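Chains as they are written, first to last, in my numbering: chain A, -11 to 191; chain B, -11 to 191; chain C, 2 to 253.
C-beta atoms are modelled at their ideal positions from N, C-alpha and C, and glycine is treated no differently.
Predicted model only: the values in this text are computed from it and were never measured.
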């Protein structure tokens, strides 16, 4: 506004554009989408600008920050203000049931995965849970398997990542190293039908 | 951050709470509502804090500001960035109205299908909706039917598959495949814990 | 943990609720502090059956899964009682419990992940985005408020189910006698036009009227348009359609 060098002004204005886009979006905004509409912007530069913005928010004691979630950036309040905001919103968001969490865990690691495999691992029928997870957009149908009756295969969605605050599937929580079989025995593949889930991160 | 006087720290924290509340609110937030939530806060003090926040945003060249509208305070993007936001959303995934979704679902399951059949099922004229779906590349004209006047037939596109995260049309679940939940089992209850996550921030 | 261990037989599970048979098995293994690779199958089976017996009628809808597991346990128990054949050289003797152990461990592993997801869910419930963002986007003209949120496969399925159900219900209506003729509807439309010179297309379809009547109205309008008695006009692309009386028409 005053005597700033043109370059600095340019930087400040690009920073404000990135900030405006993330602020205004109602879903996580990928760096490449920002880079796609702002001239001379690259995803790496977007990352730098976000880091700079976050440093500024911290310095100024802002109530929010930019978080990397579900493959994009989202501006969210800091957790320490949760109590006040919950007073504001009155109704609280319902949490997932144990059945839903267990089913989601298996889908996340075994995706794409058929219903029969989910039921084999959980030992219970999962029809109802699956249907609701699809309706809630935490799980999607990702195709059909090769086997008999070409069963539907299930996978997690972007909404799943956002719901759990995960930047991507790689960031899934790791289970404690539990050996699936005693060391002297062959690994588990043998115990399951071949159809099982390829793809996705290994547990 | 370290040596601030208790009073100053207190002020900074109240400022952040007011900021968090206005940021997270889903409608204009009146000063007295904020005063009702935060202890030792008055509407006049809220006004002062908002002025202070806005001065900070201006100083730091932030892309947003707090605006006082009829019903209360809103945090909004500065108008000079509106252009970028419009530009971004022109390239975003199209959203669908309920009418579009219903028509699309019939096309998906009955394709290739004539307009008259769509109207027979939905019971309303579908011209406008069909046009929008074709414009958005979710539906395409797939040829002409045999019957009277050789009506145009509609089918879904590649873009449709992409939109719903399906690998191919074959993966589209048949309604009966997903509707397996026994009717006596309300899925919502199964997905969520009864009393859910009330209460304050987690330990 | 307790100094005076009442003995594994005393594990009481009646009052507890389990997600499924594996949940119960994991609980029993932990509660009895036994080695999962060397499960005392007779003991665990006995406790498992004890729980099954205690299950109240309100849990019956999930009982099938428990019964299936009970059958597996009993089968393993029976095989454990068989005299073991002398191990032939180069041939492993399969422990009848092996599959069960793998199931328990695998389930346990996913349950740990579920616990971690639960923690993440709790952490996420403490952070909030701008609830106002969609409204602002609409105000800026960056999204159409008429349009819904981003549709998912679940929405698509639900929409289809709803629309087919609706159509099925209408089909029942269609079996009822129509009770109105095209001539009736032509008179009705003319009556409207005589009064106002034009009318909104939508208003000709009387709310609450059976859909079969709408079809008759529609056919009547087509007929009148073909005869040049009326003209249909749409304001803008998605705007309201209006029906105009052709002025020069000399109504006979």
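is_contact[residue i, chain C] using C-beta, thresh 9 angstroms
| i | result |
| --- | --- |
| residue 100 of chain B | no |
| residue 161 of chain A | yes |
| residue 79 of chain A | no |
| residue 45 of chain A | no |
| residue 142 of chain B | no |
| residue 25 of chain B | no |
| residue 108 of chain B | yes |
| residue 138 of chain A | no |
Exposure of residue i, with buried meaning 16 or more beta-carbon neighbours within 10 Å
| i | result |
| --- | --- |
| residue 14 of chain A | buried |
| residue 6 of chain A | buried |
| residue 220 of chain C | exposed |
| residue 31 of chain C | exposed |
| residue 77 of chain A | exposed |
| residue 157 of chain B | exposed |
| residue 118 of chain C | buried |
| residue 95 of chain C | exposed |
| residue 36 of chain A | exposed |
| residue 90 of chain B | buried |
| residue 54 of chain A | buried |
| residue 65 of chain A | buried |
| residue 75 of chain A | exposed |
| residue 21 of chain A | buried |
is_contact[residue i, chain A] using C-beta, thresh 9 angstroms
| i | result |
| --- | --- |
| residue 21 of chain B | yes |
| residue 21 of chain C | yes |
| residue 127 of chain C | yes |
| residue 11 of chain B | yes |
| residue 154 of chain B | yes |
| residue 150 of chain B | no |
| residue 31 of chain C | no |
| residue -2 of chain B | no |
| residue 165 of chain B | yes |
Neighbourhood of residue i by C-beta distance below 6 angstroms, restricted to the same chain and skipping five residues each side
| i | result |
| --- | --- |
| residue 198 of chain A | This structure leaves residue 198 of chain A out entirely; chain A is present only between -11 and 191. |
| residue 1 of chain C | Look at the range of chain C in this structure, 2 to 253, and you will see that residue 1 of chain C is not part of it. |
| residue 81 of chain A | none |
C-beta neighbour in chain B for residue i, strict 9 angstroms
| i | result |
| --- | --- |
| residue 224 of chain C | no |
| residue 76 of chain A | yes |
| residue 165 of chain C | yes |
Amino acids of chain A, ordered along the chain, whose beta-carbon sits closer than 7 angstroms to that of residue i
| i | result |
| --- | --- |
| residue 67 of chain B | Result: empty, since nearest Cβ-Cβ is about 10 angstroms, beyond 7 angstroms. |
| residue 140 of chain C | Those within 7 angstroms of residue 140 of chain C in chain A number zero; the least Cβ separation is about 11 angstroms. |
Cross-chain neighbours of residue i in chain B, by beta carbon under 7 angstroms
| i | result |
| --- | --- |
| residue 156 of chain C | 89 |
| residue 132 of chain A | 158, 159 |
Contacts of residue i in chain C (Cβ-Cβ under 9 angstroms)
| i | result |
| --- | --- |
| residue 158 of chain A | Chain C residues near residue 158 of chain A: none, gap ~14 angstroms exceeds 9 angstroms. |
Listed by chain order, chain C residues near residue i by CB distance under 7 angstroms
| i | result |
| --- | --- |
| residue 1 of chain A | Ordered by position in chain C, no residue passes the 7 angstroms Cβ test against residue 1 of chain A, which lies about 19 angstroms from the chain. |
| residue 56 of chain B | What residue 56 of chain B touches in chain C: nothing, since even the nearest Cβ is about 14 angstroms away. |
| residue 14 of chain B | 132, 133 |
| residue 62 of chain B | 133 |
Unbroken alpha helix (DSSP H) run spanning residue i, endpoints
| i | result |
| --- | --- |
| residue 120 of chain A | 115 to 123 |
| residue 93 of chain A | 86 to 98 |
| residue 33 of chain B | 31 to 48 |
| residue 64 of chain A | Segment 60 to 65 is the beta strand (DSSP E) holding residue 64 of chain A; no alpha helix (DSSP H) there. |
| residue 108 of chain B | 103 to 110 |
| residue 200 of chain C | From DSSP, residue 200 of chain C is part of no alpha helix (DSSP H) but of the beta strand (DSSP E) over 199 to 201. |
| residue 76 of chain C | 64 to 82 |
Within chain A, partners of residue i - CB distance below 8 angstroms
| i | result |
| --- | --- |
| residue 112 of chain C | 90, 93 |
| residue 8 of chain B | 51, 52, 65, 66, 69, 72, 73 |
| residue 66 of chain C | 111, 112, 113 |
| residue 28 of chain B | Result: empty, since nearest Cβ-Cβ is about 13 angstroms, beyond 8 angstroms. |
| residue 124 of chain C | 67, 153 |
Neighbourhood of residue i by C-beta distance below 8 angstroms, restricted to the same chain and skipping five residues each side
| i | result |
| --- | --- |
| residue 11 of chain B | 63 |
| residue 155 of chain A | 56, 57, 58, 59, 149 |
| residue 103 of chain A | 114, 115, 118, 139, 140, 142 |
| residue 56 of chain C | 64, 67 |
Partner residues on chain C for residue i, Cβ-Cβ distance less than 8 angstroms
| i | result |
| --- | --- |
| residue 53 of chain B | Here the premise fails: no neighbours, minimum Cβ distance about 12 angstroms. |
The ligand ZN heavy atom lying under 8 angstroms from the CB of residue i
| i | result |
| --- | --- |
| residue 29 of chain C | By its list of ligands, the structure shown contains no ligand whatsoever, and the ligand ZN lies outside what it can speak to. |
Residue interval of the beta strand (DSSP E) (run including residue i)
| i | result |
| --- | --- |
| residue 55 of chain C | Not the beta strand (DSSP E): residue 55 of chain C falls in the alpha helix (DSSP H), residues 42 to 55. |
| residue 142 of chain B | 140 to 144 |
| residue 238 of chain A | Examination of residue 238 of chain A is not possible in this model, given that chain A is present from -11 through 191 alone. |
Partners in chain B for residue i, counting only beta-carbon separations shorter than 8 angstroms
| i | result |
| --- | --- |
| residue 5 of chain A | 51, 69, 72 |
| residue 160 of chain C | 86, 89, 90, 92, 93 |
| residue 204 of chain C | Under the 8 angstroms cutoff, chain B gives no residues; its nearest Cβ is about 15 angstroms from residue 204 of chain C. |
| residue 115 of chain C | Those within 8 angstroms of residue 115 of chain C in chain B number zero; the least Cβ separation is about 13 angstroms. |
Amino acids of chain B, ordered along the chain, whose beta-carbon sits closer than 9 angstroms to that of residue i
| i | result |
| --- | --- |
| residue 128 of chain A | 152, 153, 154 |
| residue 54 of chain C | The premise fails here: residue 54 of chain C is roughly 24 angstroms from chain B at the closest Cβ pair, so nothing lies under 9 angstroms. |
Residues near residue i by beta carbon distance below 7 angstroms, same chain, minus five either side
| i | result |
| --- | --- |
| residue 218 of chain C | 186, 205, 206 |
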